[in-house]
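Novice:
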Amino acid sequence: MINYTDAQILKGILRHDNLILQYIYKQYYYKVNYFIKKNQGSEDDASDIFQEAIIVIYRKLKENDLIFEKSSFQGYLFSVCRFLWLKQLEKRRIEREKLNDSLPFQEDVYDDNLVELVDKNQKYGLYQKHFKTLSTDCQKLLQMFFEKVPLKEIAKIMGYKSEKYAKTRKYKCKELLIKRIKQDTEFKKILEDDT
Amino acid sequence: MTPKAELFGRIEDYCLDLLNKPERDEFEKELKLNPELREEVELQMNIQNAVLEMDVLDLKGKLEEIQTNSTNGKLNGSFELLDDFSEFEEATAELTTEELIESFESLPKVHVYQHERTSNENIHHYYKEQNGSEQVAIEDDLNGFDMEGLEGLEEAVLETDILNLRETLQQVAKSVEPQYSVEDIDSYLEGEMGDDILAEFEGELNQNELLQSEVNLHKELEMAVAENDVMDLRSELRNIMESETSWNVSEQAIEDFIDGVLEEGMLEEFSAELKENTDLMAEVALRENINSAVSEMDIMGLRQKLQDARDESEKKEVKSIIMPRIEIGSTKFWRSSVAVVLVLVGLLGAMQMNTNTIDNSYDKYFESTTWASERSVDSDVSVIQQAQMYFQQNEFQKTIDLLNDATVKADEQFVPQFYKGLSYQNLNKYPSAVTEYTKVIDHGNNMFIEEAEWYKALCYLKMNKRAEAKKELLAVIDRKGHYEKDAKAILRKLKYSFK
């Protein structure tokens, strides 16, 4: 198998390069999986954590805020996975002292910025999860509204009779989305954490 | 009387149904509009119910005593409700209306008592204000109040407490319901809110944390939904994780590891991953089990014989008309039985690692097919039938001789060619078998081609012609037919690459 450099991997993540993503998965996932299973997690937990760690790294890259000084991509990925799992354990009221550390990690990765980004990612991830459960129409409609597409055009694209109807539909969709988010126990936990 | 006292007097009158109609109507109108009043009335009602729930006579006696103390101006610090049971008979005596009213006038005092007992209740402090220092004395004494005999009252009071708590919770729940609709908040965020409402909304927003978090949620939602790239990346990752294997070693390396021929440098790397990668562990175990299972020739042979015997007994009568493709059927059976064999392997624990010799592969996979008459031909039927008989009786040389003499149409030659090939193969005359199979394959359009390729590959294996065998096996794999998996398995065994 070809080995990619850290720079190639980071570029690949930014470009959503399938080959690079496959490479990351094949190269590192099993270690994360092993770590999480050793620490009271399941296969599903492992794949969720791995996936979200890549998303966190992607967000960092987008913000141009990812420079490896002492660490490498592997070290950074493992540190983020470990951090995300620690947060999960805290939520599940499992003491972190009992952690079976099999992942090599770097403490200096855990700065305020990462904590903030992880929180944002968790929140946005939840919103996006529920957004994806809406009907395709609702998703399309809301996205156009958020992208500031003119109401007239939205009504035309969606085939609605009037702009007024488009607006009413939008409220309904948004209302449904907000309702689903609020009903999610995960959201309640996030709110508790915020306060 | 202070206004407050007047109000409580009116509440009591209402509860005791002592108001006249206009007063009552007015009171009820106010009751609908005023939640505080409703709460007070409910409390009074509860007190009244509580009082009525206990032994009325007992209570009456005690209240009378309190009344006496009160009218004498001697607040001696205790209602002494349970004292002087000697007066019990007196209390049972019929009371005049005045006496009864006087008794009920003491209800406020019971109220004070309850106030003390249920300090978390949301009730007024009217009596504290009204009685000043005397009230302190009453409260002090209430601390030592003897509840013996008043369990009913206590229970009722506690019940009231629960009722109040429930009501309070309901009010709290109501208060946390969003005051502004999604539409309102959207109008605000889009700057479309009218000036008159805007000022009010902003005023509320400054003070109301709940509204602030609601508005924040709307803002965050807008940003989250616009993150198309993140959502795409997430779904791409999910697809990869669902479709890809999670190990970082090649298929060749897994096979080499199982066969114990993995080079030392790679072995170290492989073992390190195998130690932690549970998916790889499972894959290695599966492949080892398949190897062991397919090498259990005795069990497979026995199963095949049992199956043959069953098929034979079921289909003997129609055999001459429609010959079942037993070989193909049994191949399916063989495949489906691998899972069962795996279980058996586990149970028996007697796994025999195969030696991977060419002969072994050949022996594992070569089973001569039976004669399938539905694939027969029109020409020279009697000769073909005779050949079939010989073939079934394992008289292979006779089969060949007879088929050599048969007159068969040019475009149906592939039938005798295929069975001649099989007969040669059964006689271990592999080059001759290959010649016959080649003719069948070259014909290009008949039902024997896949099998001919398969048996030809097996012949090459026996002849130790690996390259030729590989070519035929790849042809079998490309057909994606019944022999595809078997062909792949042999290729693995021979350590060929798949493509």
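These protein sequence lines map, in sequence, to chains A and B.
The first sequence begins at 46 in this note's numbering and counts up by one.
The second sequence begins at 88 in this note's numbering and counts up by one.
Ideal Cβ positions, reconstructed from N, Cα and C, are used throughout, including at glycine.
Name the chain B residues whose beta carbon is nearer than 9 angstroms to that of A/Gln133?
Specialist: None at all; the shortest Cβ gap to chain B is about 17 angstroms.
Novice: Give me the subset of the segment 325 to 343 of chain B whose CB atoms are less than 7 angstroms from a CB atom of chain A, sorted by chain position.
Specialist: Result list: Arg325, Ile327, Met328, Glu331, Ser333, Trp334 and Asn335.
Novice: Could you work out which residues of chain B lie near A/Glu192, taking near to mean beta carbons separated by less than 8 angstroms?
Specialist: Under the 8 angstroms cutoff, chain B gives Ala313.
Novice: Just the Cα atoms here: how many angstroms apart are A/Cys126 and B/Asn133?
Specialist: Straight-line Cα distance between these residues: approximately 59 angstroms.
Novice: Measuring from the CB of B/Ala497, is there a heavy atom of the ligand COA at a distance below 8 angstroms?
Specialist: What this structure holds is no ligand at all, so the ligand COA is not there to describe.
Novice: What residue range is occupied by the uninterrupted alpha helix (DSSP H) comprising A/Lys132?
Specialist: Unbroken alpha helix (DSSP H) run through A/Lys132: Phe118 to Lys136.
Novice: Here's the rule: buried if 16 or more other CB atoms are within 10 angstroms of the residue's CB, otherwise exposed. What is B/Arg397?
Specialist: Classification of B/Arg397: exposed, given that the 10 Å Cβ count is below 16.
Novice: Taking only the alpha-carbon atoms, compute the straight-line gap between B/Arg325 and A/Leu148 and give it to the nearest angstrom.
Specialist: Looking at the two C-alpha atoms, the distance is approximately 22 angstroms.
Novice: What are the boundary residues of the alpha helix (DSSP H) that B/Trp541 is part of?
Specialist: That run of the alpha helix (DSSP H) goes Ile536 to Lys549.
Novice: From A/Met189 to B/Leu276, what distance separates their C-alpha atoms?
Specialist: The straight-line gap from Cα to Cα measures roughly 16 angstroms.
Novice: Roughly how far, in whole angstroms, is the beta-carbon of A/Lys71 from the beta-carbon of B/Asn315, given that I think they are within contact range, below 8 angstroms?
Specialist: Incorrect: roughly 27 angstroms between the Cβ atoms, too far for contact.
Novice: Using only the alpha-carbon positions, how far apart do B/Phe44 and B/Ala340 sit?
Specialist: Here chain B has residues from 88 to 586 only, and residue 44 of chain B is not among them.
Novice: Is A/Thr50 close to chain B, meaning its C-beta is less than 9 angstroms from at least one C-beta of that chain?
Specialist: Not an interface residue.
Novice: Looking at the structure shown, is B/Ile415 part of a helix, part of a strand, or coil, going by DSSP?
Specialist: Note on B/Ile415: pLDDT 37, under 50, position unreliable in the model; no value is reported.
Novice: Identify every run of the beta strand (DSSP E) within the segment 148 to 174 of chain A, keeping only runs that are complete inside it and at least 3 residues long; order them along the chain.
Specialist: Within the segment 148 to 174 of chain A, no complete beta strand (DSSP E) run reaches 3 residues.
Novice: Expressed to the nearest angstrom, what Euclidean distance is found between the alpha-carbon atoms of B/Glu538 and B/Lys516?
Specialist: Taking the straight line from one Cα to the other gives about 18 angstroms.
Novice: At the 9 angstroms Cβ level, is B/Thr365 part of the contact set with chain A, yes or no?
Specialist: Chain A, which has a Cβ nearer than 9 angstroms to the Cβ of B/Thr365, makes this yes.
Novice: Quick check on this structure: which residue in B/Tyr542, B/Leu103, B/Glu301 and B/Ala474 has the alpha carbon closest to the alpha carbon of B/Ser79?
Specialist: What the structure shows of chain B is the stretch from 88 to 586, and residue 79 of chain B is not part of that stretch, so it cannot be assessed.
Novice: Do you know offhand how far B/Asp498's Cα is from B/Ile528's?
Specialist: The alpha-carbon atoms of B/Asp498 and B/Ile528 are separated by roughly 13 angstroms.
Novice: Just verifying my parser: in three-state terms, what is the DSSP assignment at A/Thr178?
Specialist: Note: A/Thr178 maps to coil in three-state DSSP.
Novice: Got a sec: is the Cβ-Cβ distance from A/Gln188 to anything in chain B below 9 angstroms?
Specialist: Yes, its Cβ sits closer than 9 angstroms to a Cβ of chain B.
Novice: One question on the structure: do A/Ile94 and B/His305 come within less than 9 angstroms of each other, judged by their Cβ atoms?
Specialist: Their beta carbons are not under 9 angstroms apart, which means A/Ile94 does not touch B/His305 by this criterion.
Novice: By how many angstroms is the C-alpha of B/Glu338 removed from the C-alpha of B/Phe501?
Specialist: Looking at the two C-alpha atoms, the distance is approximately 38 angstroms.
Novice: Kindly list the residues whose CB is nearer than 7 angstroms to the CB of B/Ser540, restricted to its own chain and excluding five residues on each side of it in sequence; keep chain order.
Specialist: The sequence as given places Glu at residue 540 of chain B; Ser does not occur at that position. Excluding sequence neighbours, B/Glu540 sits near Ile528, Glu559, Ala562 and Val563.
Novice: Starting from A/Ser92, find everything on chain B with Cβ-Cβ shorter than 7 angstroms and list it in chain order.
Specialist: Correct list: Met328.
Novice: Which residues in chain B sit within 7 angstroms of A/Ile100, going by Cβ to Cβ distance?
Specialist: Near A/Ile100 (Cβ distances below 7 angstroms), the residues of chain B are Val317, Leu320 and Arg321.
Novice: Could you tell me whether the segment 53 to 64 of chain A touches the segment 346 to 354 of chain B, where touching means 3 or more Cβ pairs closer than 8 angstroms?
Specialist: Flag = no, the segment 53 to 64 of chain A and the segment 346 to 354 of chain B do not touch.
Novice: Using the Cβ count rule (16 or more neighbours within 10 Å means buried), how would you classify B/Gln512?
Specialist: That one is buried.
Novice: With a threshold of 9 angstroms between beta carbons, is B/Met534 in contact with chain A?
Specialist: It does not: the Cβ of B/Met534 has no partner Cβ on chain A nearer than 9 angstroms.
Novice: If we define contact as Cβ-Cβ less than 9 angstroms, is B/Glu360 a contact residue for chain A?
Specialist: For B/Glu360, the answer is yes, since a Cβ of chain A falls inside 9 angstroms of its Cβ.
Novice: Are any of the Cβ atoms in chain A nearer than 9 angstroms to that of B/Val502?
Specialist: Not one chain A Cβ lies under 9 angstroms of B/Val502.
Novice: Taking only the alpha-carbon atoms, compute the straight-line gap between B/Gln473 and B/Leu514 and give it to the nearest angstrom.
Specialist: Approximately 19 angstroms, taken between the alpha carbons.
Novice: Give a yes or no on whether 9 angstroms exceeds the smallest Cβ distance from B/Leu304 to chain A.
Specialist: Closer than 9 angstroms to some Cβ of chain A, the Cβ of B/Leu304 qualifies, so yes.
Novice: Report the CB separation of A/Leu171 from A/Asp229 in whole angstroms; it is logged as a contact under 8 angstroms.
Specialist: Rounded, the Cβ-Cβ distance is 6 angstroms, consistent with contact.
Novice: Roughly how many angstroms separate the alpha carbons of B/Asp283 and B/Glu289, rounded to a whole number?
Specialist: Using only the alpha carbons, I get a separation of about 11 angstroms.
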